[in-house]
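Enquirer: Numbering (the numbering used here), first residue to last: 78 to 209.
Idealized CB from N, CA, C, for every residue including glycine.
1. Whole angstroms are fine: how far does the CA of residue 79 sit from the CA of residue 126?
2. At what residues does the beta strand (DSSP E) containing residue 107 begin and finish?
3. How should residue 91 be labelled, buried or exposed, when 16 other C-beta atoms within 10 angstroms of its C-beta is the threshold for buried?
4. Below 8 Å between beta carbons: does that hold for residue 46 and residue 110?
5. From which residue to which residue does the alpha helix (DSSP H) around residue 130 run?
6. Is residue 175 helix, strand or coil when you go by DSSP?
7. Indicate the three-state DSSP secondary structure (helix, strand or coil) for residue 209 in the structure shown.
8. May I ask you to report which of helix, strand or coil DSSP gives residue 85?
9. Rounding to the nearest angstrom, what Cα-Cα distance links residue 207 and residue 163 in this structure?
10. I need the straight-line Cα distance from residue 103 to residue 93, nearest angstrom please.
Okay, structure coming up:
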């Protein structure tokens, strides 16, 4: 399996609504380093997994609606605890939709899978991965 990863970051604010989260129930900020790994069994005709430039630009576009926002205020997240794990899946789904719509080119439709990892700090991160 071949893999290619692109990286960006996003700064957000949010709070959580369960005693499980202790002081994080209060509004707080987070800066996530976001890695998206694209996988395919065979390289395309240009010997690529996916174009790095196109993948980087699309990741930036997917993160833009979240950047510098209080996620508690976004209707799409109403009633949700926007944990690192939850956001990894959200970004996965948005990137998968972009791929299906052709944003990374027709060759990207042959991708076998993808993994999205959000690094919350240098000691903690969460991922979501699945087939495409």
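Expert: Let me spell this out:
1. For residue 126 and residue 79, the gap between their C-alpha atoms comes out near 7 Å.
2. Note, residue 107: beta strand (DSSP E), 105-117.
3. So residue 91 counts as buried.
4. With the chain covering 78 to 209 only, the question about residue 46 has no answer from this structure.
5. Here the alpha helix (DSSP H) through residue 130 covers 129-140.
6. If DSSP states are grouped into helix, strand and coil, residue 175 belongs with the helices.
7. Residue 209 falls in the coil class under three-state DSSP.
8. Residue 85: strand per DSSP, three-state reduction.
9. Taking the straight line joining both Cα atoms gives about 14 Å.
10. Here the alpha carbon of residue 103 sits roughly 7 Å from the alpha carbon of residue 93.
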